[in-house]
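Undergrad: Structure incoming, see below.
There are 2 protein chains.
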Amino acid sequence: MSEIPGLRSAAGEQQGRQIPPASLARLTIYLRALNSLLAEGIERVSSDELAEAAGVNSPMLRKDLSYLGSYGTRGVGYDVQYLNSQISTALGLSQDWRVAIVGAGNLGRALAGYSGFQSRGFEVVALFDADQLIVGTEVGWLRVSPVQDLATVLGRTRANMAVLAVPAGVAQSLCDELVDAGITSILSFAPVVLQIPDHVQLRKVDMATELQILAYHAQRAQDPDLESGPRARAAQ
Amino acid sequence: MSEIPGLRSAAGEQQGRQIPPASLARLTIYLRALNSLLAEGIERVSSDELAEAAGVNSPMLRKDLSYLGSYGTRGVGYDVQYLNSQISTALGLSQDWRVAIVGAGNLGRALAGYSGFQSRGFEVVALFDADQLIVGTEVGWLRVSPVQDLATVLGRTRANMAVLAVPAGVAQSLCDELVDAGITSILSFAPVVLQIPDHVQLRKVDMATELQILAYHAQRAQDPDLESGPRARAAQ
Chain E
-12 MSEIPGLRSA AGEQQGRQIP PASLARLTIY LRALNSLLAE GIERVSSDEL
38 AEAAGVNSPM LRKDLSYLGS YGTRGVGYDV QYLNSQISTA LGLSQDWRVA
88 IVGAGNLGRA LAGYSGFQSR GFEVVALFDA DQLIVGTEVG WLRVSPVQDL
138 ATVLGRTRAN MAVLAVPAGV AQSLCDELVD AGITSILSFA PVVLQIPDHV
188 QLRKVDMATE LQILAYHAQR AQDPDLESGP RARAAQ
Chain A
-12 MSEIPGLRSA AGEQQGRQIP PASLARLTIY LRALNSLLAE GIERVSSDEL
38 AEAAGVNSPM LRKDLSYLGS YGTRGVGYDV QYLNSQISTA LGLSQDWRVA
88 IVGAGNLGRA LAGYSGFQSR GFEVVALFDA DQLIVGTEVG WLRVSPVQDL
138 ATVLGRTRAN MAVLAVPAGV AQSLCDELVD AGITSILSFA PVVLQIPDHV
188 QLRKVDMATE LQILAYHAQR AQDPDLESGP RARAAQ
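So this is what it looks like as structure tokens:
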């Protein structure tokens, strides 16, 4: 991961650089904050205000935004609309993302009903399940499709991103089906290591991993021998 | 974040060092793989085998395990049981984690029913909701408690970790109630920045952020100008 020095440079030079993971995650939080400001009709925001809304400090915000070649203007701040579109473009959100969710259990239904997707550039276009009792039922605006029709429905809905919300035991075979159907971006919640071809982007969220990481930081906070200086907080 | 050089050193020296976030996340995956091996009755594992089971390469595995002062023995590999307990101890899982879930909507129910928690050291001891239609219903072994009884039930169940699975609008006030009730470790799924006191560990998972990070990597993979060398995959 190459870090970009804090020096000014043309936006064009930044384009090809990969944004470090921590900055990338924070950029999505700035975007969420900017969307709220837009909704309130606010046109300009100082780096202090935006940093506070995102729960970070100003130097970190300015460093993160420097990856986009965005520096604001001293005493004037950032144009909310412009910064919003800059971050969106950098994150690939200017593209139309159409999401299929595989698995209509509690987690799949929670994701299908999550209003934050639509407002942040992701349209849920299909929801699949293998259970005949669930197939055909409605979740919000969507009707649950049978997983046997995966390829057909993915093609018809022009889905270009998929979420796997299925048990570990069936995750690999469904992942293979998604890849065979041409999906190249997959977010998996299944607690299992998936094999994917090189051209496919896979991201994983494991709920137990999140609790374990929290436990690690909690344990360190409890043990004064392990903490030096101000207590390290779990990264938000 | 200080990196520890790959040199051998006594386990004691490693104790106080903070494990880098990426290594920490991978350690939880090794633990998952080791649990599977234990369940199969396998007593020894080579670093190649364990690396493959976890979906990483061997040098990365060895580097991650070096943070625990664990190096295996050439030609013999790792003792599965011992490495399991080493990682568990490092992650703070030797402690008894009792988890309360606030919010019994689809996400809260998915989390309450997730078998991976119990097997990985987390017992879900309480589930809360504000909706009178949900309070009193059963989710697996748990009966949903009214959120008005939060402090009482947290005390009675001796919960020491909480998961916020509630809408953004009510997350801060419920977070405050958890903190007032003595909870110091919170995992939040609410898409909002939460204010917490310094002694509280907070970790956040934002579903839309995960999709946005995936979109960023997918966009880069599609654009040959942005990728140089072998295609960068989204970090698993």
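Chains as they are written, first to last, in our numbering: chain E, -12 to 223; chain A, -12 to 223.
Even glycine gets a Cβ: it sits at the ideal position worked out from N, Cα and C.
1. Decide if Y101 (chain A) is buried, meaning its Cβ has at least 16 other Cβ atoms within 10 Å, or exposed.
2. On the premise that G108 (chain E) lies in contact with L80 (chain E), defined as a C-beta separation below 8 angstroms, what is that separation, rounded to the nearest angstrom?
3. Does the beta carbon of I88 (chain A) come closer than 8 angstroms to any beta carbon on chain E?
4. Go through its chain and collect everything with a Cβ distance to N44 (chain A)'s Cβ below 7 angstroms, but skip five positions before and after it.
5. Just reading off the beta strand (DSSP E) that A87 (chain E) is part of, what are its end residues?
6. Could you tell me the distance, in whole angstroms, from the CA atom of L24 (chain E) to the CA atom of Y54 (chain E)?
7. Should the stretch 116 to 136 of chain A be called in touch with the stretch 117 to 126 of chain E, which here means at least 3 C-beta pairs below 8 angstroms?
8. Look up A38 (chain A) in the DSSP assignment and give the residues it is bridged to.
9. With DSSP as the reference, label Q199 (chain A) as helix, strand or coil.
10. To be precise: take each residue of the stretch 15 to 47 of chain A, compare its Cβ to all Cβ atoms of chain E, and keep it if any distance is under 8 angstroms. Which residues remain?
11. Can you name the residues of chain A whose CB is closer than 8 angstroms to the CB of N71 (chain E)?
12. The alpha helix (DSSP H) spanning L165 (chain E) covers which residue range?
13. State the beta-bridge partners of A20 (chain E) as determined by DSSP.
14. Is the beta carbon of A205 (chain A) closer than 8 angstroms to that of G103 (chain E)?
15. For P133 (chain A), list the residues DSSP reports as bridge partners.
16. So is P46 (chain A) buried or exposed if we call it buried at 16+ other beta carbons inside 10 Å?
17. From R218 (chain E) to L114 (chain E), what distance separates their C-alpha atoms?
18. A77 (chain E) to R207 (chain A), Cα distance in whole Å?
19. Classify P178 (chain A): buried if its beta carbon has 16 or more other beta carbons within 10 angstroms, exposed otherwise.
20. How big is the Cα-Cα spacing for L137 (chain E) and L141 (chain A)?
21. Using beta carbons (cut-off 8 angstroms, strictly below), is V134 (chain E) in contact with chain A?
22. Under the DSSP definition of a beta bridge, which residues are partnered with I173 (chain E)?
23. Suppose the cutoff is 8 angstroms on Cβ atoms and the five residues either side in sequence are ignored; what does the same chain contact list for Q188 (chain A) look like?
24. Using DSSP with H/G/I as helix, E/B as strand and the rest coil, what is G123 (chain A)?
25. Could you tell me if W84 (chain A) is buried or exposed, where buried requires 16 or more neighbouring beta carbons within 10 angstroms of its beta carbon?
26. Which term fits R130 (chain E), buried or exposed, when burial requires 16 or more other beta carbons within 10 angstroms of its beta carbon?
27. In angstroms with no decimal places, state the Cα-to-Cα distance between M(-12) (chain E) and L165 (chain E).
28. So, V180 (chain E) versus A9 (chain A), is the Cβ gap smaller than 8 angstroms?
29. Could one say the Cβ of S172 (chain A) lies closer than 8 angstroms to chain E's Cβ atoms, at least one of them?
30. For D66 (chain E), which of helix, strand or coil comes out of DSSP?
31. Would you check if the distance between the CB atom of A87 (chain E) and the CB atom of V112 (chain E) is smaller than 8 angstroms?
32. Just by C-beta distance, which residues in the stretch 185 to 196 of chain A are closer than 9 angstroms to chain E?
33. Secondary structure at R4 (chain E), three-state DSSP: helix, strand or coil?
34. Here's the rule I'm using: 16 or more other beta-carbon atoms within 10 Å means buried, otherwise exposed. How should A26 (chain E) be labelled?
35. For F104 (chain E), which beta-bridge partners are listed by DSSP?
36. V179 (chain A) by DSSP, collapsed to three states: which one?
TA: Considering the structure as presented:
1. For the purposes of this step, residue 101 (chain A) is taken as residue 114 along the second sequence, with counting starting at 1. Y101 (chain A) comes out buried.
2. Position 93 of the first sequence, counted from the first residue, corresponds to residue 80 (chain E). Position 121 of the first sequence, counted from the first residue, corresponds to residue 108 (chain E). Right, the Cβ-Cβ distance comes to about 4 angstroms (below 8 angstroms), so this counts as a contact.
3. Within the second sequence, residue 88 (chain A) is the residue found at index 101, counting from 1. I88 (chain A) does not count as touching chain E.
4. Here residue 44 (chain A) refers to the residue found at position 57 when the second sequence is read from its first residue. Cβ within range, chain order: A38.
5. Counted from its first residue, the first sequence places residue 87 (chain E) at position 100. For A87 (chain E), the enclosing beta strand (DSSP E) covers residues W84 to V89.
6. Here residue 24 (chain E) corresponds to residue number 37 of the first sequence, with the count starting at 1. Here residue 54 (chain E) corresponds to residue number 67 of the first sequence, with the count starting at 1. Rounded to the nearest whole angstrom, the CA to CA distance from L24 (chain E) to Y54 (chain E) is 22 angstroms.
7. They do not touch, by the three-pair rule.
8. Mapped onto the second sequence, residue 38 (chain A) falls at position 51. Paired residues: none, contrary to the question.
9. Locating residue 199 (chain A) in the second sequence gives position 212, counting from the first residue. Helix.
10. Answer in chain order: T15, I16, L18, R19, A20, A40, A41 and G42.
11. The residue given as residue 71 (chain E) occupies position 84 in the first sequence. The contacting residues do not exist; N71 (chain E) stays about 13 angstroms from chain A at best.
12. Here residue 165 (chain E) refers to the residue found at position 178 of the first sequence. Run containing L165 (chain E): A155 to D167, per the alpha helix (DSSP H) assignment.
13. Within the first sequence, the letter at position 33 stands for residue 20 (chain E). BP columns for A20 (chain E) are empty, so no partner.
14. Locating residue 103 (chain E) in the first sequence gives position 116, where the first residue counts as 1. Locating residue 205 (chain A) in the second sequence gives position 218, where the first residue counts as 1. No, these two residues do not count as a Cβ contact at 8 angstroms.
15. Counting from 1 along the second sequence, the entry for residue 133 (chain A) is found at position 146. P133 (chain A) pairs with A:D116.
16. On the second sequence, position 59 is the one that residue 46 (chain A) refers to. Per the 10 Å Cβ criterion, exposed.
17. On the first sequence, residue 218 (chain E) is found 231 positions in, with the first residue counted as 1. On the first sequence, residue 114 (chain E) is found 127 positions in, with the first residue counted as 1. For R218 (chain E), the predicted model reports a pLDDT of 39, less than 50, meaning its position is unreliable and no value from the coordinates is stated.
18. Position 90 of the first sequence holds residue 77 (chain E). Position 220 of the second sequence holds residue 207 (chain A). A77 (chain E) and R207 (chain A): Cα-Cα distance of roughly 10 angstroms.
19. The residue you call residue 178 (chain A) lines up with position 191 of the second sequence. Label assigned to P178 (chain A): buried.
20. Sequence index remark: in the first sequence, residue 137 (chain E) carries index 150 (1-based). Sequence index remark: in the second sequence, residue 141 (chain A) carries index 154 (1-based). Rounded to whole angstroms, the separation of the alpha carbons of L141 (chain A) and L137 (chain E) is 43 angstroms.
21. Your numbering for residue 134 (chain E) matches position 147 in the first sequence. Chain A, which has no Cβ nearer than 8 angstroms to the Cβ of V134 (chain E), makes this no.
22. The sequence position of residue 173 (chain E) within the first sequence is 186, counting from 1. Partner(s): E:A149 and E:L189.
23. In the second sequence, counting from the first residue as 1, residue 188 (chain A) sits at position 201. Cβ neighbours of Q188 (chain A) within its own chain (closer than 8 angstroms, five residues either side excluded): T171, S172 and I173.
24. Against the second sequence, residue 123 (chain A) aligns to sequence position 136. G123 (chain A): coil per DSSP, three-state reduction.
25. Position 97 of the second sequence, counting from 1, holds the residue named residue 84 (chain A). Around the beta-carbon of W84 (chain A), 16 or more other beta-carbon atoms lie within 10 Å, marking it buried.
26. In the first sequence, residue 130 (chain E) corresponds to position 143, counting from 1. By the Cβ-count criterion, R130 (chain E) is exposed, with fewer than 16 other Cβ atoms from all chains shown falling within 10 Å of its own Cβ.
27. Here residue -12 (chain E) is taken as the residue at index 1 of the first sequence, counted from 1. Here residue 165 (chain E) is taken as the residue at index 178 of the first sequence, counted from 1. Here M(-12) (chain E) scores only 30 on pLDDT, less than 50, and its place in the model should not be relied on; the value that follows carries that caveat. Between M(-12) (chain E) and L165 (chain E), the C-alpha separation is close to 30 angstroms.
28. Here residue 180 (chain E) refers to the residue found at position 193 when the first sequence is read from its first residue. Here residue 9 (chain A) refers to the residue found at position 22 when the second sequence is read from its first residue. No, these two residues do not count as a Cβ contact at 8 angstroms.
29. Along the second sequence, read from residue 1 onward, the residue named residue 172 (chain A) stands at position 185. Judged by the 8 angstroms Cβ criterion, S172 (chain A) is in contact with chain E.
30. Here residue 66 (chain E) corresponds to residue number 79 of the first sequence, with the count starting at 1. In this structure, D66 (chain E) counts as strand in the three-state DSSP scheme.
31. Reading the first sequence from its first residue, position 100 is the one you call residue 87 (chain E). Reading the first sequence from its first residue, position 125 is the one you call residue 112 (chain E). For A87 (chain E) and V112 (chain E), yes; Cβs fall inside 8 angstroms.
32. Taking a C-beta cut-off of 9 angstroms against chain E, the contacting residues of the stretch 185 to 196 of chain A are D185, H186, V187, Q188, L189, R190, K191, V192, D193, M194, A195 and T196, listed in chain order.
33. In the first sequence, counting from the first residue as 1, residue 4 (chain E) sits at position 17. Assignment of R4 (chain E) by DSSP, reduced to helix, strand and coil, places it in the coil class.
34. Residue mapping note: residue 26 (chain E) aligns to position 39 of the first sequence, counting from 1. A26 (chain E) should be labelled exposed.
35. Within the first sequence, numbered from 1, the residue matching residue 104 (chain E) stands at position 117. Residue pairing of F104 (chain E) in beta bridges, as defined by DSSP: absent, with no partner found.
36. Looking up residue 179 (chain A) in the second sequence gives position 192. V179 (chain A): coil per DSSP, three-state reduction.
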